[in-house]
Structures are given as structure tokens and as C-alpha cells.
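Engineer: Got a structure for you, written out below as C-alpha cells; questions coming shortly.
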Amino acid sequence: MKPTLRQLQYLVAIAEAGTFSGAARLTHVSQPSLSNQILDMEAVLGIKLIERGRGGAPLTPVGDELVARARIILRDMEAFKTLAREAGETFAGKIRLGTLPSVGPYLLPLALRRLHKQYPELRVFVREERTLDLQEDLGTGKLDLIISTPEDHPEMKGFSLFEENLYVGVAPDDPLAGDGQSGTIEVESLKGRQLLSLGYGHKLAVVVQRLADLSGATVSSEYEGTSLDAIRQMAAMGEMVAVLPSLYAYSEAREDPGIVVRRVAHPLARRDISLLWRPTSPLSTKFEAIGEALKTASQDLLGV
1008 MKPTLRQLQY LVAIAEAGTF SGAARLTHVS QPSLSNQILD MEAVLGIKLI
1058 ERGRGGAPLT PVGDELVARA RIILRDMEAF KTLAREAGET FAGKIRLGTL
1108 PSVGPYLLPL ALRRLHKQYP ELRVFVREER TLDLQEDLGT GKLDLIISTP
1158 EDHPEMKGFS LFEENLYVGV APDDPLAGDG QSGTIEVESL KGRQLLSLGY
1208 GHKLAVVVQR LADLSGATVS SEYEGTSLDA IRQMAAMGEM VAVLPSLYAY
1258 SEAREDPGIV VRRVAHPLAR RDISLLWRPT SPLSTKFEAI GEALKTASQD
1308 LLGV
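In the working numbering, the protein residues as written are 1008 to 1311.
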């Protein structure tokens, strides 16, 4: 007798929820049924997977290792089922998409509406994460696809979506605002200024630090934004400079009369945004079709 796919799902659910009751809710079964299935799997394997006690359901060291392998098995089975459901140009099933928070909220509403029309049986579950977490979750199988910067995921296969430019956002009376009209600024004009960025783990923070080093600016140590909205609002209060990516600048910041946005004219103020997946995925052709839809949506949003 071998562990079943259902038992592997229950084990992964316990790892994610931290308790048997939470795992039962995630998998829509009763707690006794889930607990018995885990006991059966432990008996088959001859090892303990869960440390049972009052403090939740922590995994044993070997249980933790097996969860990582269980995720890979379940990921591959999901891909297997998706391939089996396909017929011709159809694309059905569940896709788990991770995205940078500086991209997803502004690109995906339009892109997913179009994808749903093209593939009505496709379900896309979206999760916003930092670059570091996107890399880990794509590698372990928690995610099938990610929207990120390809240089941070060199082992992954990719489809280029768009080139993202960086903009500065400042209060209307700031010298960098100029006449309040759109246009570019030279990187040297940032010298001596304080730049606002997202916190640790976000690729945007790394790019902003490079920009600060190049221009003679500094990254604010007093304020690390948790969102682009927060950064924009801080800049609108005066003195500090928000550094904002293209999609946000076009879709949100330009609609705010309390801030002026201008593009930074320098090669370091650009980065490629791609759709990325594991090179071993059997769905590469279909993922490229998703990439085409995302690329078209980004072109419409950016006016390319």
C-alpha cells in the first residue's frame, strides 16, 4: 500500500494551516477523517509526520521534507489533469499565478478579463508576493507561473511582457515637478534627494538603491512603504521623492492632482517584466498563450 494523492493533499494542507482543524477547512473534510488519513499514511510509511500536542500540528523534520516533495507531486498531477482536459485550442483547469505587487494589481484586471473570454474554463488564482517569495514558491510548486523580473529567476523559462520604466513622483511645488507637465528628468537631478521605496525583499527596493547610488541620492531610512499608494501619498506631502513603476504611474499616480510624475531618463531606470515558469512544465505552449494576453493588455495600458 502507498500514500494516496488525497493523503498528500491533507499533509500539505496541515503544513499550510498549522492545525488539523484548519487543514480540514482548507480541504473541505471533517477533522476526524483528515486525522485518520494522516495516521494511515504514517502507518504505511513507518514514520511520524506530525508532532501532536496542544500547540497546533507542527511537522517533524522528515514531515517537512516530505511536504516539499508532496507539493511537487500534486503540482505535476494538476498539470497532468489540465493537459487531459485540453482539446485543440481550449485551455481548462486551475493555474496558480504569482505576481509582483508593483505589477499585478494594475495589469491583471484587464488581462484576466480577456483571458476569461478566450478560455472560459480556465481558472486563475492570483497571489501577490515579494520577489524572494515568488522564486521559492515557483520552485516548490506552490505557483505555476509568476510575473517578475527574469534576472531574478535565471533557471526559469520566460516570455517577455513589457519593459518597465521608472518614474519619480513629487509634490506639485517640488523643483523636480518642473511646469507640472509630463516629460523626462535626468538622473543627476536626483542628487541630494531622499527616495522612497518599498521594503526589503521587493525588487523595486534594489532598483531604487541602484538609482540612488548612481545619482548621489539616498533611500529614506525613516520610511519604507508597504504599498505604492503609501509611497505616493508620502511624496505628495512634500520633500521626499517616490520612485514608481510604469503601470502604477500610468494607471494611478497620473490621476492624482496632488502629485506630478516624470520618467527618469537612464538605462538603470528600466527593467524587463516577464511571465516565468519552470522549464520542466508540460504546459509551456499554453503559458505562452497566457503571456500573449498579458503582453497585449500591458501594451494597451501603457499606450504602446
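Ideal placement from N, C-alpha and C gives every residue a C-beta, glycine not left out.
All figures in this text were calculated on a predicted structure; none of them were measured in a lab.
Looking at the unbroken beta strand (DSSP E) that takes in I1192, where does it start and where does it end?
Structural biologist: For the purposes of this step, residue 1192 is identified with residue 185 of the sequence shown, where counting begins at 1. Here the beta strand (DSSP E) through I1192 covers 1191–1193.
Engineer: From what residue to what residue does the beta strand (DSSP E) around E1299 run?
Structural biologist: Here residue 1299 corresponds to residue number 292 of the sequence shown, with the count starting at 1. Not the beta strand (DSSP E): E1299 falls in the alpha helix (DSSP H), residues 1291–1309.
Engineer: Between L1114, Y1113, T1106, V1019, which has its C-alpha nearest D1071's C-alpha?
Structural biologist: To locate residue 1071, count along the sequence shown from 1; it is residue 64. Closest by alpha carbon: V1019.
Engineer: Assign D1151 to one of two classes, buried (16 or more other C-beta atoms within 10 Å of its C-beta) or exposed (fewer than that).
Structural biologist: Position 144 of the sequence shown, counted from the first residue, corresponds to residue 1151. Buried.
Engineer: For my contact list, A1224 and R1200 are in at a C-beta cut-off of 8 Å; report their separation, rounded to the angstrom.
Structural biologist: Your numbering for residue 1224 matches position 217 in the sequence shown. Your numbering for residue 1200 matches position 193 in the sequence shown. With a Cβ gap of about 5 Å, A1224 and R1200 count as contacting.
Engineer: Bridge partners for Y1174 per DSSP, in chain order?
Structural biologist: Stepping through the sequence shown from its first residue, residue 1174 is reached at position 167. Paired residue(s): L1251, R1270.
Engineer: Can you tell me which of the three DSSP states M1048 falls into?
Structural biologist: The residue labelled residue 1048 in the question sits at position 41 within the sequence shown. M1048 falls in the helix class under three-state DSSP.
Engineer: In the DSSP assignment, find the alpha helix (DSSP H) that holds S1028 and state where it starts and stops.
Structural biologist: Here residue 1028 corresponds to residue number 21 of the sequence shown, with the count starting at 1. Its alpha helix (DSSP H) spans residues 1027–1034.
Engineer: So for S1234, helix, strand or coil by DSSP?
Structural biologist: As a working mapping, residue 1234 is identified with position 227 in the sequence shown. Note: S1234 maps to coil in three-state DSSP.
Engineer: State the CB to CB distance for the pair Y1207 and S1109, rounded to an integer number of angstroms; the pair is presumed to be in contact (CB under 8 Å).
Structural biologist: Position 200 of the sequence shown holds residue 1207. Position 102 of the sequence shown holds residue 1109. Going by Cβ atoms, the distance from Y1207 to S1109 rounds to 15 Å, so no, they are not a contact pair.
Engineer: Let me know if K1210 comes out buried or exposed under the rule of 16 or more other beta-carbons within 10 Å of its beta-carbon.
Structural biologist: Here residue 1210 corresponds to residue number 203 of the sequence shown, with the count starting at 1. Per the 10 Å Cβ criterion, buried.
Engineer: Going straight from the alpha carbon of M1048 to that of T1233, what length do you get?
Structural biologist: The count along the sequence shown starts at 1 and reaches residue 1048 at position 41. The count along the sequence shown starts at 1 and reaches residue 1233 at position 226. Looking at the two C-alpha atoms, the distance is approximately 42 Å.
Engineer: Can you tell me where the beta strand (DSSP E) with I1153 in it begins and where it stops?
Structural biologist: Taking the first residue of the sequence shown as position 1, residue 1153 is located at position 146. Here the beta strand (DSSP E) through I1153 covers 1152–1155.
Engineer: When you compare only the Cα positions, how much space is there between T1034 and Y1017?
Structural biologist: On the sequence shown, position 27 is the one that residue 1034 refers to. On the sequence shown, position 10 is the one that residue 1017 refers to. Cα to Cα, T1034 sits roughly 7 Å from Y1017.
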